[in-house]
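Residues are numbered in this note's numbering as their position in the sequence shown, beginning at 1, plus a constant of 667. Ideal placement from N, C-alpha and C gives every residue a C-beta, glycine not left out. A quick note: this is a predicted structure, and the numbers were derived from the prediction, not measured.
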Amino acid sequence: MDTINILINSIPPRFLEREKIVPVVSIAAATVFLLSSHMWLSTYKDNKSDKEVKKIPIPGSRYPYFGHMFSLGTSPGEVIVAWHRELGPIIELRMGIQTWIMIDDPILAHKVFVSNGAVASNRPYMTFAHNHYALKGKGIVFSAHAKNWKYAREAVLSIIAPKVVDKNYIKPIQSEAAALVDRLIEYSKKENGVDPTVHLHLNSLNTICRAAFGKHYSFEDPEFKTMSHIIERTVVMGAMEQDIPNFIPIMTVVDYFSGKHATMKNFINNERNPLYRKLIAEALERPGTNFVKSLDKFNFTVEERIVITSDLINGGTDTVSVALSWAFVIMCHYPLAQKKAADEIDAFIKLNGRLPEFSKRTQLPYCVSMMKEGMRFRPIGAFGIPHKMDADVLVDGYIIPKGATVVSSMESMHQNPDVFAEPLKYYPERFMNNLKTMDAAAKGKIEERDHFNFGWGRRMCPGIYIAEVELFTSFIQVLSKCTIEPVRDANGKEQLPDIDHPVTAGLILLPIPYKVNFVERTNSLI
Ligand code: HEM
């Protein structure tokens, strides 16, 4: 009842004043739709009550109509971990009128997303993402599993293929990483430690902007602030809680009168699109290679170019910066592992007289394992990006119904004791026998995957290789020049950051804001 009150209280006064003109018909229609969807679901289940079909467990606590929507709390990842531990690798959630299937077993996820990729690669409709951000289904991330998506994805795969990254983007990645280290050391000295968030954000944004537009920003650049603001607003507007009518159709009227859609439209038309138009025009004139020029040989409209470049900037900024933020804060907790990695880097420098590039990564097995274990130990998202089923499939005795949203429970999967021995332990050595690039591991046999942060099947992240090069390069440069240490309080006592309570921000899992010291190494070899 409290939940219903919260929802009612959230109705803007503007709507309440105009209560009398609410179209009763639309409420009735929505209610009929809601109830009939539930009836359809139960009839469907009854018809399939075949002995061989196993019922997907549904966790206990849910509300009428809203289902599990309000049972997930502020840390949905943790709730889902607990439900998987109680009920097994596959669970079904009722999210208003939507059916969500959550999977935390990689083999089962592989069978759904990869073996049944032809019907398990669509995206569920999300109002902001589809209508506004993707200009009615353009681009890659949110577009339907159809011809346009395939064409855009192939174009992107060709412009960020490993060979292309090695040839064109290694140097910019290295120079952005060097600038990052200098800033982290400088800002640590200025105060008692630094919160690296904004520095990592600038680093990953600059890296992807250099590759996409041949352009990079300083902190002071007003366009850097505009870009960051646009990325942040995109995340906020795309959040599930902004899209309640998609789950509870009766709430459409609230959205209609709240003016939310006008705000979204305005943001895209008057802020995002003009900036991207300008960036694309400038990139075409700039000397050197960039994504925009590479996209020119494909047959895309201006709107498609805007959404594709926006997909690359949004997909390649917070993901990389959050993975690095976790890597650094974990280092602070594990000084022995940090020392071991630094020794490995120093040994390479002694032998070769230079910093290791990504192509020499197998000569630094401990560092490679650490990068992988960091992403396993603290994945950057509690969940993968949702897929939608285009047809019923039967997998391991479970029917995954057409129309269902299927999500990999990333946090739970990476803590699944059936997949990783002692999963709650940070143990970099666990990957010493799997030094393949994350890109190769993700595209190889399921049994040989290292971690699952990059998703699944036809929708798997196309940016794995460039992301991995960025992560490796920044990690190596930081540890070659500094040690990451906890800040100290007035009494000289170490203040270790909290790494056990990740904060949920949209699809991303962030460390609680923290400060650490990047202390310049007096024995650095470069
Ligand atoms: C640590 C870094 C990154 C992580 C963990 C990550 C993770 C993911 C995940 C989980 C998906 C969804 C996969 C699925 O639906 O099963 C995805 C999709 C995507 N990512 Fe990444 N990503 C990262 C970096 C990047 C970078 C650097 C770029 C671009 C340069 C990028 C561009 C994209 C795009 C365009 C898609 C949409 C693919 C599609 O729907 O077909 N990502 N990513």
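Straight-line gap, residue i to residue j (C-alpha atoms, nearest Å)
i, j, result
"L847", "T1140", "11 Å"
"L1163", "P1153", "5 Å"
"K856", "P1178", "22 Å"
"G955", "I1113", "38 Å"
"P1180", "E719", "49 Å"
"A906", "D985", "15 Å"
"F1185", "F914", "45 Å"
"S788", "K1069", "12 Å"
"V902", "M918", "21 Å"
"A696", "M904", "The predicted position of A696 is uncertain, since its pLDDT is 33 and thus under 50; no value can be drawn from it."
"K814", "V808", "14 Å"
"V1183", "T1150", "10 Å"
"V1074", "C1034", "30 Å"
"T1189", "D1013", "13 Å"
"L701", "A990", "Reliability of the predicted coordinates at L701 is poor, the pLDDT of 35 falling under 50, and no value is obtained from them."
"Y732", "K722", "21 Å"
"G1020", "A929", "58 Å"
"T766", "S977", "29 Å"
"D772", "H812", "24 Å"
"V1086", "F1121", "17 Å"
"T1171", "D963", "37 Å"
"M1099", "I1143", "17 Å"
"S925", "I768", "31 Å"
"M1056", "M1038", "33 Å"
"D1063", "Y836", "43 Å"
"A1107", "S1026", "14 Å"
"D922", "D910", "9 Å"
"F737", "R752", "20 Å"
"S1076", "I747", "7 Å"
"W816", "L946", "23 Å"
Nearest to residue i (by Cα), restricted to the options the options
i, options, result
"G744", "N1184, I1175, S1191, P1180", "I1175"
"E1078", "D1156, I852, V808, H1118", "H1118"
"V974", "L867, V823, P1053", "V823"
"T864", "I875, R877, R850", "R850"
"H1168", "Y1065, Y854, R1045, T1189", "R1045"
"Y1094", "V831, M1042, I807", "M1042"
"H868", "S895, E858, N859, V861", "S895"
"K834", "V920, A878, A844, Y1001", "A878"
"V1145", "V996, E899, P829, Y1132", "V996"
"I1133", "V861, F958, D922, F1015", "F958"
"D1156", "P724, N859, I826", "N859"
"D1059", "G1048, D978, A1071, D910", "A1071"
"P829", "V1136, Y818, L1022, M762", "V1136"
"I1066", "S988, L775, E1040, L1031", "L775"
"I1052", "L1022, K1110, C1128", "C1128"
"S1147", "R729, D1165, Q1005", "Q1005"
"I935", "H797, S988, K1160, V831", "H797"
"K982", "G881, N966, K1017, G1048", "It is worth fixing the name first, because residue 982 is Gly in this sequence and not Lys. Of the candidates G881, N966, K1017, G1048, the one whose C-alpha sits nearest the C-alpha of G982 is G1048."
"V801", "R1097, E970, S1076", "At residue 801 the sequence reads Ala, which differs from the Val that was named. Here the closest residue by C-alpha is E970."
"H1081", "I770, E759, Q1030, K945", "I770"
"Q841", "L1018, I875, V861, A819", "I875"
"E759", "F737, N783, S742, G727", "G727"
"G784", "R1125, I947, I1131, G1173", "R1125"
"E938", "S810, H1054, T794, K892", "K892"
Opening and closing residue of the beta strand (DSSP E) in which residue i lies
i, result
"M762", "757–762"
"I1151", "1149–1155"
"V720", "Neither: V720 is in no beta strand (DSSP E) and is coded neither H nor E."
"L867", "First-last for L867: 864–880, but that is the alpha helix (DSSP H), not the beta strand (DSSP E)."
Enclosing alpha helix (DSSP H) for residue i [first to last residue]
i, result
"N940", "940–952"
"N1208", "The question about residue 1208 has no answer, for the chain in this structure spans 668 to 1193."
"Y818", "814–826"
"T901", "889–905"
"L1202", "Residue 1202 falls outside the range modelled here, since the chain spans only 668 to 1193, and no answer is possible."
"T1171", "Run containing T1171: none in the alpha helix (DSSP H); it sits in the beta strand (DSSP E), 1170–1172."
"I768", "I768 -> not in any alpha helix (DSSP H); beta strand (DSSP E) instead, spanning 765–770."
"F733", "That residue, F733, is in no alpha helix (DSSP H); it is neither H nor E in DSSP."
"V786", "Looking at the DSSP string, V786 is not in any alpha helix (DSSP H), and its letter there is neither H nor E."
"E1024", "Per DSSP, E1024 belongs to no alpha helix (DSSP H) and is neither H nor E."
"V920", "919–925"
"F958", "958–962"
"E745", "743–754"
"L775", "773–777"
"A1109", "1105–1110"
*asked:* In chain order, what are the residue ranges of uninterrupted beta strand (DSSP E) at least 3 long that sit wholly in the segment 1040–1079?
replied: 1060–1062, 1065–1067, 1072–1075
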